[in-house]
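S.K.: In order, the protein sequences belong to chains A and B. 672 is the number of the first residue of the first sequence in this note's numbering; add one for each residue after it. 2 is the number of the first residue of the second sequence in this note's numbering; add one for each residue after it.
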Amino acid sequence: MTAALMVDGLRAGYGATTVLHGVDLVVPAGAAVALLGANGAGKTTLLKTIAGTIPAQSGSIALFGDDITHRPADARARAGVCLLPEGRGIFRNLTVRENLAMQNRGRDVEAAAEQIVARFPRLGSRMQQTAGTLSGGEQQMLSLARALSTDPAVVLADELSVGLAPVVVDDILAAVSGMRAEGRSILIVEQYVSRVLDLVDYVYLLHKGRIVFVGEPQQCDDGKVFDQYLGATA
Amino acid sequence: MRDYLPFIVTGLATGSVYALAAMGIVVTYTTSGVFNFAHGTVGMVAAYAFYELREQHGLPTWLSILLAVFVLGPAIGLVIDRVLLRRIQGATTATYITVSLGLLVFLQGGALAIYGPATRTIDPIFSQSTFRFLDVTIGYDEVTLMAIAAVGGLALFAFFRRTHAGLQTRAVVDDPELTSLMGTSPGRVTTLSWMLGCTFASLAGVLLAPLLGVDSVGLTLLAIQAFGAATVGRLVSLPGAYLGALAIGVGADLSKKFVVDHPTLSGFPTSFPFLVLFAVLLFSKPGRFAELTKVSQQARQRAKVVASTRFAARPLVALAAAALVLPAFTSDPRMLDITVALAFVLIFSSLSLLMGLSRQVSLCHAVFVVFGATNLSRLQDAGVPFLPALLIGALIMVPVAALLALPAIRLSGLFLAIATFGFGVLAQNLLFLTDLSFGNEGLRSVSRPDFIVDFSDDRAFYYVVLAIVLAGVCVVELIRVTRLGRILRALADSPTGVQSLGVVPTAARVLVFCVSGFLAAIAGGLVASVPGSVTPATFDYFQSLLWVTILATTGALTLGGAVLAAVLLRLVPVVFTSPTVIEYQPVLFGLAAIVLSQAPNGIATMFKVPDAEALGRSTRAKLPRSRRHAERAVVG
């Protein structure tokens, strides 16, 4: 069976600086994978390179066996890669409805809106509001809802819980496990390591642009791996 | 009130045309982050096309408009985006300014070379009949212009609010990266916005053509009316730009009524948009104007190739030696040419102080040159000898430079460029004809110094100019190695970083503007005293733009670039005397500036490559050592 996402020998970075030094990573179809690492390890760079907003210097990225290494970000998005960027993946100056309309034209907007209200009732009354004026949690919900409305095959989630109240984090992480239940493949970067370990099938540990550990969540239980690379246990 | 109504009506009509151009620039600027200085020039090209099609080839009016506005306009936008801008995507503001100035100089120079300076008259497009309303005679053409602009504005509004393409455009304005993550190519959207923006510019150009006539200069000024109006809308608001344009149109026409009694202020109505532009930039709250340019990390790194940090002793000696032996190989009539070229070395050197060292683009350098010359002339009339008059005349320009630097303190590079662009045109229209400068005669005579030796001899005077130019160039080169130079280089890199060190950047930015203006004024006095007179036409605002493109081409980071610029501008036409060479010179400089916009130091880069990659490597190579050092410091 082909993997949903196969990253092979990927090198990438900014200008003359290389951040990723040959990363190999596999997200099996329908699986959830956690990508962990200290600040500056290259987690966000890896997700952005997979999504296509940073060009790969060498190596390859395959989506269900299709080489997408040299396709622009918008083509990858249409092919089913969905990056939920760090911070909020929403257009702050557009209304909630317009945010949804970006990917769902015409009648689909109504369908998408209904679907979203069903999942996040709080957004229902906010359809005409400018997205930038939503609370942090609502913004993140919109970002997730928007992503789900396009039915992506692979979701790349970058630090969804940053700056959110613990209660909201529960909702967000519940939504992530919901995505997995729907059969989507997920690559997630998360600061709440222990909580994300409950969600995923595999763990990758990124250190200074290289993968230093691959395993199942249970292998991380004793914390030795994290002591070595993350400093204090999370 | 009744007296003013006719002026309000004509003002609203012309203001409506400005509104079309202003909305065009808002569309392109907000979507692409690139401010197109050549926006008015695009309108000029469309107007010439309209002239060719209708007046020369006898096409019907509607077909000419269709082709000039709705075919050529989008085509120009497509070329600007796909050919000029796509290639340098993510570049710094300075690069984009250089490219759009290059385009302006290229197109305007081309129009001048092909059509000459004469204004072509164009038959009216709309009916010239009038009707009476509230005791005011109103032309149907005026009403038509207002209606077209209103429809254009509403159409844009509907496009942005009601269509999916409009939504995608607003999404790109908001966050281009996120737009691409959502499956929409920001590149396509940007191209569309350039096509749209240039169509509006073309429409404005064609509508203005019967009112102003078609020539290479008059219609380019459309840009400044549009810039003024767009500034009212902070360059981002369509309704703001629309209302700003109407206000500027009405204000300019109303002021016509007042200046009838004041001949010296005859330039005021044409200058009104620039006054608005300058005032808005100067008095708006800080932070109201933010640059939208999307600079990539790569470009930022490349831009870090800084201006020369060393005192250019060897190039200076070489320049002096070459200049000393040159007269031996030069025939008498050529002496004047090389003397002027020498003075231009100082002009370019002073410009490189801004462009190369502090990375500020000044688009009104010719104003300093002109005033240096006319101040010298007026002081000589008052009996002051040459050298003191030259010095005092240049010192008078120091406060002017300080005033101009105000936007530089408050606003970022792009807005300084726009402000200086406005000031250059303002000075030419308003100040040159007053007694502060040329006065009514339009020509000022300047006499050469007459102490000890008789300097009416061209060879003797050459050495005077040489001495002064070398002294001026030395000042520029000295600034590079002083604290001021270091602060300016650091400011070009990171203003926040400089402030965090406790250095107030204001003084450095103002000071460098003052020094640059002072030296340009000195050079202006020298240039004028070679032939013994100066006219306003010699240094119009276009020269300022041309100089910037030349220096961007030859390299603003080192003395060599300034010398090369002077040689290319002043000596090439001396050697190649064919009129074609002279006519197409600006075209070539415009083209060169576009091509070399991203070379860190123009042509000079080709001889000595300040390799950004190598720079990156060397910093990295140093990193472990400094880290070791730091660790040792912690341990020790």
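Even glycine gets a Cβ: it sits at the ideal position worked out from N, Cα and C.
Using a Cβ-Cβ cut-off of 7 Å, state whether Asp254(B) counts as contacting chain A.
M.R.: As a first step, residue 254(B) must be located in the second sequence, where it is residue number 253. Chain A, which has no Cβ nearer than 7 Å to the Cβ of Asp254(B), makes this no.
S.K.: Measuring alpha carbon to alpha carbon, tell me which of Asp175(B), Ala95(B) and Leu197(B) ends up nearest Pro187(B).
M.R.: Within the second sequence, the letter at position 186 stands for residue 187(B). When only C-alpha atoms are compared, the closest one is Asp175(B).
S.K.: Distance cutoff 7 Å, beta carbons only. Does Met183(B) sit that close to anything in chain A?
M.R.: Position 182 of the second sequence, counted from the first residue, corresponds to residue 183(B). With 7 Å as the cut-off, Met183(B) counts as an interface residue toward chain A.
S.K.: Give me the Cα-Cα distance between Ala119(B) and Ile583(B), rounded to the nearest whole angstrom.
M.R.: As a position in the second sequence, residue 119(B) is number 118, starting the count at 1. As a position in the second sequence, residue 583(B) is number 582, starting the count at 1. Whole-angstrom Cα-Cα distance: 18 Å.
S.K.: Would you kindly work out how many angstroms separate the C-alpha atoms of Ala406(B) and Ala594(B), rounded to a whole number?
M.R.: By one-based count along the second sequence, residue 406(B) stands at place 405. By one-based count along the second sequence, residue 594(B) stands at place 593. Their Cα atoms are separated by approximately 25 Å.
S.K.: Could you confirm whether any beta carbon from chain A is found closer than 7 Å to the beta carbon of Leu86(B)?
M.R.: Position 85 of the second sequence, counted from the start, is the residue given in the question as residue 86(B). No, its Cβ sits nowhere closer than 7 Å to a Cβ of chain A.
S.K.: Who does Arg133(B) pair with in a DSSP beta bridge?
M.R.: Taking the second sequence and counting its residues from 1, the one referred to as residue 133(B) is at position 132. Its beta-bridge partners are Thr138(B).
S.K.: Quick one: Cα of Ala390(B) to Cα of Ala522(B), how far?
M.R.: As a first step, residue 390(B) is located in the second sequence; it is residue number 389 there, counting from the start. As a first step, residue 522(B) is located in the second sequence; it is residue number 521 there, counting from the start. When rounded, the distance between both Cα atoms is 11 Å.
S.K.: Looking at the secondary structure, which residues open and close the beta strand (DSSP E) in which Thr689(A) lies?
M.R.: The sequence position of residue 689(A) within the first sequence is 18, counting from 1. Residues Thr688 to Val698.
S.K.: Only counting runs of 3 or more residues, tell me where the beta strand (DSSP E) segments fall wholly within the segment 512-594 of chain B, in order along the chain.
M.R.: DSSP runs (the beta strand (DSSP E)) wholly in the segment 512-594 of chain B: none.
S.K.: State the DSSP-derived secondary structure class of Arg742(A), mapped to helix, strand or coil.
M.R.: Position 71 of the first sequence, counting from 1, holds the residue named residue 742(A). Coil.
S.K.: Which residues in the same chain as Gly849(A) place their Cβ atom closer than 7 Å to its Cβ, once the five residues preceding and following it in sequence are excluded?
M.R.: For the purposes of this step, residue 849(A) is identified with residue 178 of the first sequence, where counting begins at 1. Once the five neighbours on either side are set aside, Gly849(A) has no close Cβ partner at all.
S.K.: How about Leu676(A) and Val698(A): do their beta carbons lie closer than 7 Å?
M.R.: Numbered from its first residue, the first sequence carries residue 676(A) at position 5. Numbered from its first residue, the first sequence carries residue 698(A) at position 27. For Leu676(A) and Val698(A), yes; Cβs fall inside 7 Å.
S.K.: Per DSSP, what are the beta-bridge partners of Ala733(A) in this structure?
M.R.: Residue mapping note: residue 733(A) aligns to position 62 of the first sequence, counting from 1. The partner list for Ala733(A) (beta bridge, DSSP) reads Met677(A) and Asp738(A).
S.K.: Does Thr200(B) pass the burial test, meaning 16 or more other C-beta atoms within 10 Å, or should it be called exposed?
M.R.: On the second sequence, residue 200(B) is found 199 positions in, with the first residue counted as 1. It is buried - the Cβ of Thr200(B) has at least 16 other Cβ atoms within 10 Å.
S.K.: Please list the terminal residues of the continuous beta strand (DSSP E) segment that includes Val752(A).
M.R.: The count along the first sequence starts at 1 and reaches residue 752(A) at position 81. From DSSP, the beta strand (DSSP E) with Val752(A) extends over Val752 to Leu755.
S.K.: Got a sec: which bits of the segment 154-165 of chain B sit with their beta carbon under 9 Å from any beta carbon on chain A, in order along the chain?
M.R.: Answer set for the segment 154-165 of chain B: His165.
S.K.: Between the segment 270-286 of chain B and the segment 43-56 of chain B, can you find at least three pairs of beta-carbon atoms closer than 8 Å?
M.R.: No, because fewer than three Cβ pairs between the segment 43-56 of chain B and the segment 270-286 of chain B fall closer than 8 Å, the two stretches do not touch.
S.K.: Taking C-alpha atoms, which residue in Gly795(A), Pro756(A) and Gln786(A) lies nearest to Leu827(A)?
M.R.: The count along the first sequence starts at 1 and reaches residue 827(A) at position 156. Here the closest residue by C-alpha is Pro756(A).
S.K.: Between which two residues does the beta strand (DSSP E) containing His263(B) stretch?
M.R.: If you number the second sequence from 1, residue 263(B) lands on position 262. Segment: none, His263(B) is in no beta strand (DSSP E) and carries neither H nor E.
S.K.: Does the beta-carbon of Gln109(B) have 16 or more other beta-carbons within 10 angstroms, so that it is buried, or is it exposed?
M.R.: For the purposes of this step, residue 109(B) is taken as residue 108 along the second sequence, with counting starting at 1. Classification for Gln109(B): buried.
S.K.: Grouping DSSP H, G and I as helix and E and B as strand, with all else coil, what is Thr671(B)?
M.R.: This structure gives no information on residue 671(B), because the portion of chain B shown stretches from 2 to 637.
S.K.: Express the C-alpha separation of Asp82(B) and Cys891(A) in angstroms, rounding to a whole number.
M.R.: Against the first sequence, residue 891(A) aligns to sequence position 220. Against the second sequence, residue 82(B) aligns to sequence position 81. Going from the Cα of Cys891(A) to the Cα of Asp82(B) covers about 52 Å.
S.K.: Name, going along the chain, the residues of the segment 167-192 of chain B whose beta-carbon falls closer than 9 Å to a beta-carbon of chain A.
M.R.: Within the segment 167-192 of chain B, the residues whose Cβ lies closer than 9 Å to some Cβ of chain A are Leu168, Gln169, Arg171, Ala172, Val174, Asp175, Asp176, Glu178, Leu179, Thr180, Ser181, Leu182, Met183, Gly184, Thr185, Ser186, Pro187, Gly188 and Arg189, listed in chain order.
S.K.: In chain order, what residues of the same chain have a beta carbon less than 7 Å from the beta carbon of Val251(B), not counting five sequence neighbours either side?
M.R.: The count along the second sequence starts at 1 and reaches residue 251(B) at position 250. Cβ within range, chain order: Ile9, Gly12, Leu13 and Gly16.
S.K.: Buried or exposed: which applies to Ile348(B), given that a residue is buried once 16 or more other Cβ atoms fall within 10 Å of its Cβ?
M.R.: If you number the second sequence from 1, residue 348(B) lands on position 347. The residue in question, Ile348(B), is buried, as its Cβ has 16 or more Cβ neighbours within 10 Å.
S.K.: Using the C-alpha atoms, what's the distance from Ser796(A) back to Leu831(A)?
M.R.: Along the first sequence, read from residue 1 onward, the residue named residue 831(A) stands at position 160. Along the first sequence, read from residue 1 onward, the residue named residue 796(A) stands at position 125. Between Leu831(A) and Ser796(A), the C-alpha separation is close to 23 Å.
S.K.: At the level of alpha carbons, what is the spacing between Ala744(A) and Pro177(B)?
M.R.: Residue mapping note: residue 744(A) aligns to position 73 of the first sequence, counting from 1. Residue mapping note: residue 177(B) aligns to position 176 of the second sequence, counting from 1. So the alpha carbons of these two residues sit roughly 11 Å apart.
S.K.: If we ignore side chains and look at the alpha-carbon of each, how far apart do Pro643(B) and Ala20(B) end up?
M.R.: This structure leaves residue 643(B) out entirely; chain B is present only between 2 and 637.
S.K.: Are Phe644(B) and Phe424(B) touching if we call contact CB-CB under 7 Å?
M.R.: In the structure displayed, chain B extends from 2 to 637; residue 644(B) sits before or after that span and is not available.
S.K.: Under 9 Å between beta-carbons, which chain B residues line up against Met798(A)? List them in chain order, please.
M.R.: The sequence position of residue 798(A) within the first sequence is 127, counting from 1. Under the 9 Å cutoff, chain B gives no residues; its nearest Cβ is about 15 Å from Met798(A).
S.K.: Would you please state the rounded distance, in angstroms, between the beta carbons of Ser203(B) and Thr170(B)? I believe it to be under 8 Å.
M.R.: Along the second sequence, read from residue 1 onward, the residue named residue 203(B) stands at position 202. Along the second sequence, read from residue 1 onward, the residue named residue 170(B) stands at position 169. No, Ser203(B) and Thr170(B) are not in contact; Cβ-Cβ is about 19 Å, not under 8 Å.
S.K.: My output table needs one value for Gly711(A): the three-state DSSP class, helix, strand or coil.
M.R.: Position 40 of the first sequence, counting from 1, holds the residue named residue 711(A). Three-state result, Gly711(A): coil.
S.K.: So, is the C-beta of Glu769(A) closer than 7 Å to a C-beta in chain B?
M.R.: Taking the first residue of the first sequence as 1, we reach residue 769(A) at position 98. Yes, contact with chain B.
S.K.: Counting only C-beta atoms, is Gln810(A) closer than 7 Å to chain B at any point?
M.R.: For this step, residue 810(A) is matched to residue 139 along the first sequence. No, because no Cβ of chain B sits closer than 7 Å to the Cβ of Gln810(A).
S.K.: Leaving out five residues on either side along the sequence, give the residues of the same chain with a beta carbon under 8 Å from the beta carbon of Val46(B).
M.R.: Taking the first residue of the second sequence as position 1, residue 46(B) is located at position 45. Here the set comprises Leu73, Ile77, Leu108, Ala112, Ser203 and Gly206.
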